[in-house]
Amino acid sequence: MKTFLLGLKQNLKGDLHDDNLMKSLYATDASVYRMLPLAVAFPMDEADIKILISFAQKHKTSLIPRTAGTSLAGQCVGTGIVVDVSKYFNQILSFNALEKTVTVQPGVVRDVLNNYLKPFGVLFGPNTSTSNRCMIGGMVGNNSSGTTSIQNGVTRDKVKALSTILSDGSEVVFSEISSENFQKKLQLETLEGEIYKTIYSELAPKSVQSHILKEFPKPEIHRRNTGYAIDKLLDSDVFSNSENPFNMCQLLSGSEGTLAFTTSITLKLDELPPAESALICLHFASIEACLKSVETVMQHNLHTCEMMDKTILDLTKHNKTQQANRQFVEGDPEAILMCEVRSNSTTDLDLQIENLLTVVSNLHLSYAQVVLKGETINQAMELRKAGLGLLGNIIGDKKAAACIEDTAVALSDLSSYISDFTKLMASYNQKAVYYAHAGAGELHLRPILNLKQQEDVVLFRKITTDVASLVKRYQGSMSGEHGDGIVRAEFIPLMIGQANYDILKRIKSAFDPHNIFNPGKIVDAFPMDENLRYQPNREEPQVETLLDFSASLGILREAEKCNGSGDCRKLPEFGGTMCPSYRATRNEKDTTRARANALREFLTTSEKANKFNHKELKDVFDLCISCKACASECPSSVDVATLKAEFEYQYQKENGSSLRTKLFAYNNKLNGYGSRFSGLTNFIFSNGFTSIIIKKSLRIADERSLPLISSKSLGEYILNSNNQVNKNFIKTIYFFNDEFTNHLDTEIGRDALHLLKALNYEVKFVKHEESGRAFISKGFLEQAKKLANNNVTVFSEIISETTPLIGIEPSAILTFRDEYIKLANNKEAAEKLAKNTFYIEEFLQQEIALGNITPNQFTSEIETIKFHGHCHQKALSNQKTSFDILNLPKNYKVTIITSGCCGMAGSFGYEKEHYEISMQIGEQTLFPAIRKASKEIVIAANGTSCRHQILDGTKRQALHPITILKRALL
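If you read the sequence shown in the working numbering, its first letter stands for residue 2, the second for the next number, and so on.
In structure tokens, the structure reads:
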């Protein structure tokens with residue numbers, strides 16, 4: 002097969018990969034399944050897809066279509082060729098404003114499409130929790146719906162036409178056709194004609210139609226993905242008295258790529274929702290009280306009606322991003338029901354709010370009703386969106402398993418269904434997670450199971466089987482919007498009856514007689530309890546690490562926290578920082594998810610003594626710039642920066658490290674040597690001839706400027722500076738002279754000391770080690786551990802709540818709050834020290850809040866400032882600290898640049914092979930924002946690498962916030 006794949010690769014205009022790394026990355030999606038594919042293809046055009054279809058036919062393999070890979074039921078895994086259309090099939094092809102339609106390729110991201118459509122006053126309505134990275138092709142394949150389905154319907158309702166390639170390589174467009182044209186299709190002597198003949202012969206008999214309508218989910222359940230939607234085809238003028246024309250797209254939507262390969266999609270669009278909105282968050286002391294309220298509140302014209310339970314809410318407490326989003330929560334509710342109302346009139350909106358609150362009050366079920374408007378609505382909805390991903394935060398091997406998480410029943414049955422469901426869960430000693438599109442009658446209910454243990458795998462099947470029977474009893478849908486995939490396809494015969502299931506099989510056979518399109522899904526299903534991510538009852542791999550991963554019960558479980566939700570694939574226009582390298586390359590290999598999955602794969606399956614010693618891991622971690630955004634923005638809080646540091650350390654044990662890597666790791670020592678002869682050092686670094694020699698010999702990018710050494714280190718300045726004589730200090734602080742400020746940014750250090758003393762703080766100094774940031778980033782963990790232990794010893798006895806430790810460079814001082822806890826021998830002392838360690842803006846912000854620093858101490862001149870925050874600041878603290886101190890002078894106008902990572906990332910941006918990616922990251926949002934700023938606007942950045950990147954990328958000099966504040970002193 003290797004030879005045949007090589008031939009295939011040569012024939013494709015796009016890409017084909019059959020290496021172990023790429024196959025392992027595409028072996029999973031966001032489900033519990035793992036199947037190693039034969040290869041991964043990235044077709045460039047329709048001709049490539051036809052070649053892939055021909056190859057699959059000839060070599061008796063299969064094609065598994067994939068976009069963002071966020072499927073929860075295993076739709077995107079298989080043993081054939083995974084065909085990822087996200088790389089090349091991602092264009093918006095046409096927009097018809099008059100007809101309110103748009104035609105897109107399947108790899109277009111849902112929110113990218115709506116950003117494009119917004120100026121025209123329309124949108125594509127279905128709105129999943131993954132909308133900032135999920136793609137239209139996947140939404141069609143799953144018949145996705147999301148929070149707005151009670152107003153905007155589901156994807157199936159919006160699909161007007163599909164351009165497809167059938168299993169024989171023929172191109173067919175499916176769209177609305179009249180009954181007359183349907184009859185003409187029956188005369189075709191082609192595969193298309195055979196498909197129409199099969200549909201007609203199977204569905205025309207009235208007895209068959211009657212049986213379909215009897216067995217399929219109740220018609221009022223609009224979230225329904227159980228098998229192929231043959232019941233929807235009956236609602237057409239071909240099969241009934243309906244006025245609706247026949248459209249095969251009704252069948253293809255929700256077919257999970259098992260019938261045809263879609264190359265373009267024409268969608269019907271909705272008008273934008275009313276501009277004014279409010280979110281009424283109803284708090285309940287019990288799940289039962291919450292669900293009893295749903296039918297009543299749904300009598301109002303709600304745009305969303307969403308539910309979260311205490312399990313989800315508690316997990317948000319441990320995720321930095323979601324901590325800010327949960328400020329509206331009052332008390333400790335068992336459940337919250339989020340009800341959105343909208344209007345184009347504020348008067349009418351207020352009336353709707355009042356009416357809803359009155360009705361809720363009369364029910365006497367909710368103990369608190371919080372009304373949100375403006376940005377707080379977005380924050381609350383982001384909290385809800387993060388729900389499924391947050392379930393990955395459960396520490397240990399027990400996880401919330403996706404198997405029964407997509408059931409939907411009629412709204413009138415909801416309360417009774419949940420009562421029965423709760424009893425069923427109790428019989429298995431389960432306290433399920435309740436996370437729901439309550440207004441649509443759909444509940445994302447998950448049992449907590451350890452699928453590494455065979456006994457829980459048995460429960461996995463038993464619980465799913467029993468729930469399927471319960472859903473059938475209520476004539477509900479086992480799959481509301483997440484699809485059948487592997488996990489639910491086995492139960493389709495139970496849900497719709499064997500006779501109807503046999504019809505589905507014959508339809509599949511007509512479309513795909515050789516079963517090349519995504520086999521094992523919907524019909525002839527793979528067993529739902531096989532091909533799991535973990536081999537049940539395996540001997541758990543024991544992986545020794547230098548860093549302490551005990552908070553996650555080991556490094557393997559840290560990697561296993563990634564559940565595949567794909568938040569790391571969101572694009573720059575949707576905010577945040579994660580994941581800078583993916584945003585530059587748009588390759589799955591460069592996502593946070595890929596790094597966690599690859600590490601899990603090799604730590605689990607490697608037979609080497611050192612399980613880290615794999616070139617594939619070196620490749621997948623190569624573009625990780627250790628920004629730490631994943632630790633805060635990933636709902637599962639997978640800390641890939643720390644995983645990379647450990648990997649680099651373990652890998653270098655076997656493979657050594659290059660001279661360049663060593664020089665970057667030991668840069669502080671080298672800067673110390675260079676500072677003795679700073680004039681000569683700086684001449685060599687800045688002279689065109691000598692600097693190019695250095696760059697060439699060390700593989701540093703020619704385009705980079707080399708940092709200049711300060712003529713006098715900050716340490717020397719401190720030794721020679723006068724002691725403070727004032728005895729009435731506001732507070733005593735200890736100053737951490739980090740290695741970057743000491744030798745490279747001495748002036749900023751001086752500004753900080755001048756500012757602190759002028760504001761009447763006693764600044765004390767003790768001899769200490771460098772932070773170890775460079776050692777950590779380069780995987781020199783033994784050296785970093787030694788520094789951490791020494792610094793913890795030096796500071797642990799003198800640092801307290803009343804005498805905090807203050808530093809300037811975020812990447813250095815924040816090691817005390819992050820890596821030191823994982824490095825230091827005395828963990829208790831390290832944790833205590835971390836609580837009282839701050840970068841300087843944090844400290845000043847606290848003092849401003851206490852009233853110890855006031856605007857009267859600063860200039861009243863007018864200044865406009867744009868601030869870019871350091872990645873570690875964003876991940877471990879927040880940018881508001883810098884924003885607040887820069888706003889202290891009363892006439893300073895400050896805005897935060899909505900940028901992600903600058904792209905420099907310490908030594909990363911210097912390295913020749915990484916320079917281009919580094920600059921691409923800068924160009925995503927930061928550089929354009931700075932170029933738009935007039936010369937009068939002050940650019941501020943608190944990271945030494947950020948300032949260097951801004952200078953190299955925009956030729957603008959960025960100032961540290963402390964320098965700006967020091968200059969503003971009266």
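Glycine is no exception: its CB is placed at the ideal position from the N, C-alpha and C atoms.
What is the DSSP secondary structure of Lys-485, reduced to helix, strand or coil? Checking the sequence, you will find Asp at residue 485 rather than Lys. Coil, per DSSP.
Applying the criterion that 16 or more other CB atoms from any shown protein chain within 10 Å of the CB defines a buried residue, is Val-157 buried or exposed? Note on residue identity: the sequence assigns Arg, not Val, to residue 157. Buried, by the Cβ-count rule.
Can you tell me whether DSSP reads Tyr-201 as helix, strand or coil?
Here DSSP, grouped into helix, strand and coil, assigns Tyr-201 to helix.
>> Does Ala-850 pass the burial test, meaning 16 or more other C-beta atoms within 10 Å, or should it be called exposed?
In response: exposed
message = Check this for me: beta carbons of Phe-43 and Asp-16, under 7 Å apart or not?
response = yes
- Query: Per DSSP, what kind of secondary structure is Tyr-368 in: helix, strand or coil?
  - Reply: strand
Using C-beta distances below 8 Å, list every residue in its chain close to Ile-1, excluding the 5 sequence neighbours before and after it, in chain order.
Residue 1 cannot be examined here, being either before or after the span of the chain that is shown, 2 to 971.
Quiz prompt | For Asn-97, the residue or residues it bridges with in DSSP | solution = Thr-102
ask   = What's the call for Glu-634, buried or exposed, on a 16-neighbour Cβ count within 10 Å?
value = buried
Self-check item: Arg-67 vs Val-78 beta-carbon contact at 7 Å
Solution: no
- Query: Given 8 Å as the limit, is there contact between the region 363-383 and the region 271-282, that is, 3 or more CB pairs closer than that?
  - Reply: yes
field: Delimiting residues of the beta strand (DSSP E) encompassing Cys-77
entry: Per DSSP, Cys-77 belongs to no beta strand (DSSP E) and is neither H nor E.
Note to self: When you measure from the CB of Ala-702 to every non-hydrogen atom of the ligand HEM, does any distance come out below 6 Å?
What the structure shows: Of ligands this structure carries none, so the ligand HEM is not represented either.
Fill in: Reference Lys-3, options Asn-182, Lys-786, Leu-39, closest by Cα
Leu-39
With a threshold of 16 other CB atoms inside 10 Å of the CB of Glu-649, please say whether the residue is buried or exposed. Glu-649 counts as buried, since no fewer than 16 other beta carbons sit within 10 angstroms of its beta carbon.
* Out of Asn-738, Lys-758, Phe-737, Asp-752, which has the shortest C-alpha to C-alpha gap to Lys-728? -> Lys-758
Given a threshold of 16 other Cβ atoms within 10 Å of its Cβ, counted over all protein chains shown, does Pro-514 qualify as buried or as exposed? exposed
Hey, is the region 910-918 in contact with the region 693-703, meaning 3+ C-beta pairs nearer than 8 Å? yes
Considering only residues of the same chain and omitting the five flanking positions on each side of Glu-195, which have a CB-CB separation below 7 Å? Ala-511
task: Could you round the C-beta distance between Tyr-436 and Asp-310 to whole angstroms and report it? I think they count as a contact, below 8 Å.
output: Confirmed, Cβ separation roughly 6 Å.
For the region 348-366 against the region 296-303, are there 3 or more C-beta pairs whose distance is under 8 Å?
-> yes
**Study point:** Through-space distance from Ile-54 to Ser-171, alpha-carbon basis
**Key:** 10 Å
Count the CB pairs spanning the region 439-452 and the region 408-415 that are closer than 8 Å, and state whether there are at least three.
yes
Spatial distance of Asn-792 from Thr-733 (CA atoms): 19 Å
Helix, strand or coil at Lys-976 according to DSSP, with G and I counted as helix:
Look at the range of the chain in this structure, 2 to 971, and you will see that residue 976 is not part of it.
query: Taking contact to mean at least 3 C-beta pairs separated by less than 8 Å, is the region 461-468 in contact with the region 158-178?
result: The region 461-468 makes no contact with the region 158-178; the number of CB pairs closer than 8 Å stays below 3.
- Message: In the DSSP assignment, the beta strand (DSSP E) including Val-895 goes from what residue to what residue?
- Response: 893-897
Kindly give me the distance between the Cβ atoms of Glu-216 and Ile-497, rounded to whole angstroms, as I take these residues to be in contact under 8 Å.
5 Å
* Asked: Just how far apart, CA to CA, sit Thr-305 and Glu-864?
  -> Cα to Cα, the separation comes out at about 43 Å.
Pick helix, strand or coil for Ala-599, following the three-state DSSP scheme. Ala-599 falls in the helix class under three-state DSSP.
Discussion item. Using the Cβ count rule (16 or more neighbours within 10 Å means buried), how would you classify Glu-820?
Written reply: buried
_Option nearest Val-173 by Cα separation, candidates Ser-706, Thr-264, Met-136, Glu-341_ = Thr-264
Cβ of His-869 within 7 Å of Cβ of Ile-822? no
Let me confirm a value: Lys-374 is counted as buried when at least 16 other C-beta atoms fall within 10 Å, else exposed. Which label applies? exposed
Starting from Leu-644, trace the alpha helix (DSSP H) both ways and give me its first and last residue.
641-656
- prompt: Which value, in whole angstroms, describes the spacing of the CA atoms of Asn-519 and Ala-526?
  reply: 10 Å
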